[in-house]
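In my numbering, the protein residues as written are -11 to 229. Remarks on the structure that follows.
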């Protein structure tokens, strides 16, 4: 929501503060018919034609309508057959959106999320932790990973309370249709892509290769799960094949 507010402010289409106040209003969320106390997750990222005379609520209404066109009843039906509510799928999609910009990786990350949920493992995904921090300077530390808050998926099992971003169509599709895989971990290759692993041994090897030389006081900067750069292993290691 902050990114959208900033963009609208830069384009002089809305005052960022007013837009944020509207987008985080439970009353407005209720009026738009979206679950949760804010509009996070339901403002579809796309190209729009807005005019300066529009109010924040009018802009939000247009973006929510676009979301509903993209997140189809068929997608909702598939999600519900798999045991997920639409809001949970949007939450998963929002994590995928923050974890990778590569289209081909999104179904893989979706599979990792679902696999961890099915095993009762914490998701251990950095973007969720960052979202819950009141202040973030760009460096995620080991201390940050230990801070208790509802969005800390290192400290809590299951999904966070709600979306952490506003996912695009490919992330929504990936959340509904994950790849059929046994992957449980992934770590940044530091080039925008990720190395996926099936067990903790493989993941530790990948971390050693791709995160070698990183500041030991820093946690991961981009989405490996199960072990941070600081050497902290998964709190619930998966069964080894």
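Ideal placement from N, C-alpha and C gives every residue a C-beta, glycine not left out.
Query                                                                                        : Result
For residue 78: DSSP bridge partner residues                                                 : Paired residues: none, contrary to the question.
Cβ contact check for the segment 38 to 50 and the segment -1 to 6: 3 or more pairs under 8 Å : yes
Between the CA atoms of residue 135 and residue 206 - distance to the nearest angstrom       : At residue 206, the pLDDT of 47 sits below 50, so the modelled position is not reliable; the number obtained from the coordinates is stated separately. Distance between the alpha carbons of residue 206 and residue 135: 14 Å.
Residue 52 vs residue 73 beta-carbon contact at 8 Å                                          : no
Pair within 8 Å by beta-carbon distance, residue 16 and residue 27                           : yes
With 16 other Cβ atoms within 10 Å as the buried cut-off, status of residue 59               : buried
Simplified DSSP state of residue 129, which is helix, strand or coil                         : strand
Whether residue 117 touches residue 154 by CB criterion (8 Å)                                : no
CB contact flag (residue 97, residue 32, <8 Å)                                               : no
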